[in-house]
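According to the working numbering, the sequence shown holds residues 174 to 666 in order. The structure appears below as structure tokens.
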Amino acid sequence: MVKLGVKAGDKVGTLAWNDHRHLEAYFAIPSIGAVLHTINIRLSEEHLTYIINNAEDKVLLVDEGMIPIIEKIKDNIPTVEHFIILTDEETLPETSLKPVQLYEAFIKGANETFQFLQDIPETNPAGMCYTSATTGNPKGVLYTHRSIVLHSMMLCFADTIAISERDVAMPVVPMFHVNAWGIPFATVSLGTKLVLPGPNFNGEVLAELIEKEKVTMTAGVPTIWIELAKVLETGKYDTSSLTRVVCGGSAAPEGLIRKYEKEFNIPFLHAYGMTETSPVVTVARLKSHQEELPYDEQLKYKGKQGLPTILIEAKVVGENGEEVKHDGEEMGELLLRGPWITDEYYREPEKTKEAVQDGWLRTGDIVTVDEEGFIKIVDRTNDLIKSGGEWISSVDLENALMAHEAVFEATVIAVPHERWQERPVAFIVLKDGKDVTEEELRQYLLEEKKFAKWWLPDKFIFLDEIPKTSVGKFLKRELREQYRDVLLKEQNV
Ligand code: AMP
174 MVKLGVKAGD KVGTLAWNDH RHLEAYFAIP SIGAVLHTIN IRLSEEHLTY IINNAEDKVL
234 LVDEGMIPII EKIKDNIPTV EHFIILTDEE TLPETSLKPV QLYEAFIKGA NETFQFLQDI
294 PETNPAGMCY TSATTGNPKG VLYTHRSIVL HSMMLCFADT IAISERDVAM PVVPMFHVNA
354 WGIPFATVSL GTKLVLPGPN FNGEVLAELI EKEKVTMTAG VPTIWIELAK VLETGKYDTS
414 SLTRVVCGGS AAPEGLIRKY EKEFNIPFLH AYGMTETSPV VTVARLKSHQ EELPYDEQLK
474 YKGKQGLPTI LIEAKVVGEN GEEVKHDGEE MGELLLRGPW ITDEYYREPE KTKEAVQDGW
534 LRTGDIVTVD EEGFIKIVDR TNDLIKSGGE WISSVDLENA LMAHEAVFEA TVIAVPHERW
594 QERPVAFIVL KDGKDVTEEE LRQYLLEEKK FAKWWLPDKF IFLDEIPKTS VGKFLKRELR
654 EQYRDVLLKE QNV
């Protein structure tokens with residue numbers, strides 16, 4: 174990299190899955206003072222072009238499978254001076270990218286005794302990530318050497334994720350999604366064995382890797398664990414090595430937690446964070462006295478996003494800025510402060526001003542805090558449903574619906590309504606071979622899940638698939654756009 178002319182402060186972009194070459198880049202790039210810009214490879218061409226230009230990436234490290242997409246945008250990313258192809262192949266694939274080299278050949282030519290920089294100021298940037306594009310253009314967040322080191326140390330605390338040298342860690346969360354939640358940094362710093370599943374994984378592949386490599390800790394979004402659960406239900410795989418499945422990025426449904434813990438005997442650890450927060454800021458690990466509770470009581474805590482970790486300050490404020498009561502009922506926006514929380518969006522002074530106030534990051538997440546201090550997300554600011562002036566939590570409805578035995582996936586959005594301003598509408602994907610009617614779901618929510626009648630979705634729409642963001646979250650914005658009129662039409666408005 175240095176021979177190519179990469180200097181301290183330059184950005185080097187990676188478009189890569191979880192594998193050993195990407196891991197090498199994770200350490201080599203910051204260690205010459207440059208900035209590791211992990212790019213979400215599932216973004217649209219438009220967003221890829223936007224962020225490569227916004228970051229001014231000088232070199233791009235590209236997985237072979239990504240070449241066709243980068244070829245399409247290559248003429249619109251003028252800051253990029255070199256392309257390096259990440260592949261096992263020994264000859265360069267056919268490509269119009271220029272100038273281009275093979276990664277393995279590229280590093281073979283390098284001096285093995287190269288001295289990495291020893292005196293990089295700890296507050297210099299080391300990494301960079303853009304937030305997922307559920308709202309508008311992606312926004313860049315810089316991580317410093319200091320923030321990465323402190324966040325890594327936090328991940329190793331016994332009361333958070335408890336990463337240790339004894340673990341065999343398999344981050345399924347992509348290395349382009351908030352640095353695979355910091356797991357590559359924490360594990361390498363301890364000498365922990367890492368299992369990197371590469372580009373082509375599914376439930377079967379993950380189950381095989383867990384059994385073969387005796388994985389003790391793995392991490393990913395709920396969709397991954399829903400997928401893996403289908404495979405584990407067959408009973409074909411030995412997953413007894415697992416001491417925890419870490420789940421974050423979206424709310425972990427209680428039914429899923431119960432399934433892993435009670436059916437598969439795999440402890441399930443729910444955690445929460447954002448691109449802006451490195452990401453981990455809360456973990457739902459039970460306190461010792463909570464472990465004495467009956468399982469159903471424990472589950473209520475395990476399904477929450479949990480307690481702020483060491484060094485993270487959290488407060489929850491209502492509309493007038495006053496802090497809410499810690500009663501598990503009153504809702505407010507979660508504000509965060511701490512050494513791995515960003516204080517700005519890259520080159521976005523206006524968006525920074527909105528999000529960072531008096532040193533606190535406004536998360537946009539609406540939460541409650543209970544007497545134990547456990548934080549529970551009830552919605553995103555723009556996902557709350559306000560029906561006749563009262564809040565309805567789409568997350569609670571989704572959790573309940575996903576616990577139904579016929580439901581594979583469910584999401585609930587706010588849809589404009591003439592009388593109530595907004596009403597919930599549910600989107601349901603059924604499990605293979607299962608069936609349930611709208612009326613049955615309604616009865617189930619009322620009678621089994623004890624929802625108030627006015628919380629019930631006005632409509633249940635059955636889909637083959639729920640659209641998802643590039644990191645596997647439900648793409649509510651798309652559903653909101655597509656079904657904006659669905660209730661108004663019925664009322665002939
Ligand atoms: P991202 O920056 O793409 O990781 O998105 C961060 C957002 O994802 C947060 O602000 C939350 O709205 C949501 N999120 C992350 N983790 C969780 C979780 N465990 N439960 C519910 N929502 C979550």
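All C-beta atoms, glycine included, are put in the ideal place defined by N, C-alpha and C. If you're wondering where the values come from, they're calculated on a predicted model, not measured in any experiment.
- prompt: Mind checking Lys-607: buried by the 16 CB within 10 Å criterion, or exposed?
  reply: Counted from its first residue, the sequence shown places residue 607 at position 434. Exposed is the call here.
query: How about Thr-304: is its Cβ closer than 7 Å to a heavy atom in ligand 1?
result: Position 131 of the sequence shown, counted from the first residue, corresponds to residue 304. Answer for Thr-304: yes, Cβ within range of ligand 1.
Close-in-space but distant-in-sequence residues of the same chain around Lys-488 (CB under 7 Å, 5 per side omitted): As a first step, residue 488 must be located in the sequence shown, where it is residue number 315. Taken in chain order, the residues that qualify are Glu-496 and Leu-508.
- prompt: If you draw a straight line from the C-alpha of Thr-286 to the C-alpha of Phe-358, how long is it?
  reply: Here residue 286 corresponds to residue number 113 of the sequence shown, with the count starting at 1. Here residue 358 corresponds to residue number 185 of the sequence shown, with the count starting at 1. Going by the C-alpha atoms only, they are around 22 Å apart.
query: Helix or strand or just coil, what does DSSP make of Gly-238?
result: For the purposes of this step, residue 238 is identified with residue 65 of the sequence shown, where counting begins at 1. The answer is helix: DSSP assigns Gly-238 an H, G or I state.
query: Do His-210 and Asp-230 come within 8 Å of each other at the CB atom, strictly closer than that value?
result: Taking the first residue of the sequence shown as position 1, residue 230 is located at position 57. Taking the first residue of the sequence shown as position 1, residue 210 is located at position 37. Yes, Cβ-Cβ distance for Asp-230 and His-210 is below 8 Å.
- request: Could you tell me the distance, in whole angstroms, from the CA atom of Glu-621 to the CA atom of Asp-631?
  value: In the sequence shown, counting from the first residue as 1, residue 621 sits at position 448. In the sequence shown, counting from the first residue as 1, residue 631 sits at position 458. Distance between the alpha carbons of Glu-621 and Asp-631 is about 18 Å.
task: Would you mind listing the beta strand (DSSP E) stretches within the segment 256-301 that are 3+ residues and don't spill past its ends, in chain order?
output: 273-275, all fully within the segment 256-301.
His-324 and Val-529 closer than 8 Å at C-beta: Taking the sequence shown and counting its residues from 1, the one referred to as residue 324 is at position 151. Taking the sequence shown and counting its residues from 1, the one referred to as residue 529 is at position 356. Taking 8 Å as the Cβ cut-off, His-324 and Val-529 do not qualify as a contacting pair.
message: Just to check my reading of the structure: Tyr-316 and Ala-335 have Cβ atoms closer than 8 Å, yes? What is that Cβ distance to the nearest angstrom?
response: Translated into positions along the sequence shown, residue 316 becomes position 143. Translated into positions along the sequence shown, residue 335 becomes position 162. At roughly 22 Å, the Cβ-Cβ gap does not stay under 8 Å, so Tyr-316 and Ala-335 are not in contact.
- request: Run through the segment 577-608 for me and flag every whole beta strand (DSSP E) of 3 or more residues, listed as ranges in chain order.
  value: Unbroken beta strand (DSSP E) stretches of 3 residues or longer found wholly inside the segment 577-608: 580-590 and 594-603, given in chain order.
Complete beta strand (DSSP E) runs within the segment 447-488 (minimum length 3 residues, chain order): 453-456, all fully within the segment 447-488.
field: Closer than 7 Å: Ala-487 CB and nearest ligand 1 heavy atom
entry: Position 314 of the sequence shown, counted from the start, is the residue given in the question as residue 487. For ligand 1, not one heavy atom lies less than 7 Å from the Cβ of Ala-487.
message: With three or more C-beta pairs closer than 8 Å as the rule, is the segment 212-231 touching the segment 391-405?
response: no
- prompt: By DSSP, does Met-575 sit in helix, in strand, or in coil?
  reply: Numbered from its first residue, the sequence shown carries residue 575 at position 402. Note: Met-575 maps to helix in three-state DSSP.
task: Kindly examine ligand 1 and report whether one of its heavy atoms sits closer than 7 Å to the Cβ of Lys-461.
output: For this step, residue 461 is matched to residue 288 along the sequence shown. The sequence as given places Ser at residue 461; Lys does not occur at that position. Checking the Cβ of Ser-461 against ligand 1 gives no.
- request: Specify whether the segment 509-516 and the segment 474-494 touch according to this definition: at least 3 beta carbon pairs, one from each stretch, less than 8 Å apart.
  value: yes
- prompt: Grouping DSSP H, G and I as helix and E and B as strand, with all else coil, what is Glu-218?
  reply: In the sequence shown, the residue the question calls residue 218 occupies position 45. Of the three classes helix, strand and coil, the one that applies to Glu-218 here is helix, per DSSP.
message: In the DSSP output, which residue or residues are listed as bridge partners for Ala-392?
response: Along the sequence shown, read from residue 1 onward, the residue named residue 392 stands at position 219. Answer by DSSP bridge pairing, in chain order: Pro-344 and Val-419.
query: If you draw a straight line from the C-alpha of Pro-589 to the C-alpha of Leu-652, how long is it?
result: Position 416 of the sequence shown holds residue 589. Position 479 of the sequence shown holds residue 652. Cα to Cα, Pro-589 sits roughly 13 Å from Leu-652.
message: Less than 7 Å separating the Cβ of Ile-550 from some heavy atom of ligand 1?
response: To locate residue 550, count along the sequence shown from 1; it is residue 377. Checking the Cβ of Ile-550 against ligand 1 gives yes.
- prompt: From Ser-566 to Lys-641, what distance separates their C-alpha atoms?
  reply: Here the question's residue 566 lines up with position 393 in the sequence shown. Here the question's residue 641 lines up with position 468 in the sequence shown. So the two alpha carbons sit approximately 20 Å from each other.
message: Does Glu-427 come out as helix, strand or coil in the three-state DSSP assignment?
response: Looking up residue 427 in the sequence shown gives position 254. If DSSP states are grouped into helix, strand and coil, Glu-427 belongs with the helices.
task: Leaving out five residues on either side along the sequence, give the residues of the same chain with a beta carbon under 8 Å from the beta carbon of Ala-181.
output: The residue labelled residue 181 in the question sits at position 8 within the sequence shown. Once the five neighbours on either side are set aside, the close Cβ partners of Ala-181 are Ile-205, Gly-206, Ala-207, Leu-290, Ile-293 and Asn-297.
Ligand 1 heavy atom lying under 7 Å from the CB of Met-447: Your numbering for residue 447 matches position 274 in the sequence shown. Yes - ligand 1 has a heavy atom lying nearer than 7 Å to the Cβ of Met-447.
field: Whole-Å CB distance - Ala-342 paired with Ile-321, under 8 Å assumed
entry: What you label residue 342 is simply residue 169 of the sequence shown in a count that begins at 1. What you label residue 321 is simply residue 148 of the sequence shown in a count that begins at 1. With 8 Å as the limit, Ala-342 and Ile-321 do not qualify as a contact, their Cβ atoms being about 17 Å apart.
query: Does the Cβ of Val-351 lie closer than 7 Å to at least one heavy atom of ligand 1?
result: Within the sequence shown, residue 351 is the residue found at index 178, counting from 1. Yes, the beta carbon of Val-351 sits closer than 7 Å to at least one heavy atom of ligand 1.
field: Element boundaries [alpha helix (DSSP H), containing Thr-525]
entry: Locating residue 525 in the sequence shown gives position 352, counting from the first residue. Run containing Thr-525: 522-528, per the alpha helix (DSSP H) assignment.
query: Is any heavy atom in ligand 1 found nearer than 7 Å to the beta carbon of Ala-583?
result: As a working mapping, residue 583 is identified with position 410 in the sequence shown. No, Cβ of Ala-583 sits at least 7 Å from all heavy atoms of ligand 1.
- request: Please confirm whether any heavy atom of ligand 1 lies closer than 7 Å to the CB of Pro-372.
  value: The residue labelled residue 372 in the question sits at position 199 within the sequence shown. No, ligand 1 has no heavy atom inside 7 Å of this Cβ.
message: Using the three-state DSSP reduction, which class does Phe-635 fall into: helix, strand or coil?
response: Working through the sequence shown from its first residue, we reach residue 635 at position 462. DSSP places Phe-635 within a strand segment (E or B) once states are collapsed to three.
field: Option in Gly-505, Arg-458, Leu-629 and Phe-547 with minimal Cα separation from Asp-332
entry: Looking up residue 332 in the sequence shown gives position 159. Closest by alpha carbon: Arg-458.
query: Where does Trp-533 fall in DSSP's three states?
result: Start at 1 with the first residue of the sequence shown, and residue 533 comes out as number 360. Looking at Trp-533 - three-state DSSP - the assignment turns out to be strand.
task: From the DSSP output, in three-state form, read off Arg-510 for me.
output: As a first step, residue 510 is located in the sequence shown; it is residue number 337 there, counting from the start. Of the three classes helix, strand and coil, the one that applies to Arg-510 here is strand, per DSSP.
task: Report yes or no: do three or more beta-carbon pairs, one from the segment 609-621 and one from the segment 565-582, lie closer than 8 Å?
output: Look at the beta carbons and you see the segment 609-621 touching the segment 565-582: at least three pairs across the two are nearer than 8 Å.
- request: Would you mind working out which of Thr-268, His-195 and Tyr-303 sits nearest Arg-215, comparing C-alpha positions?
  value: Position 42 of the sequence shown, counting from 1, holds the residue named residue 215. Ranking the options by Cα distance to Arg-215, first place goes to Tyr-303.
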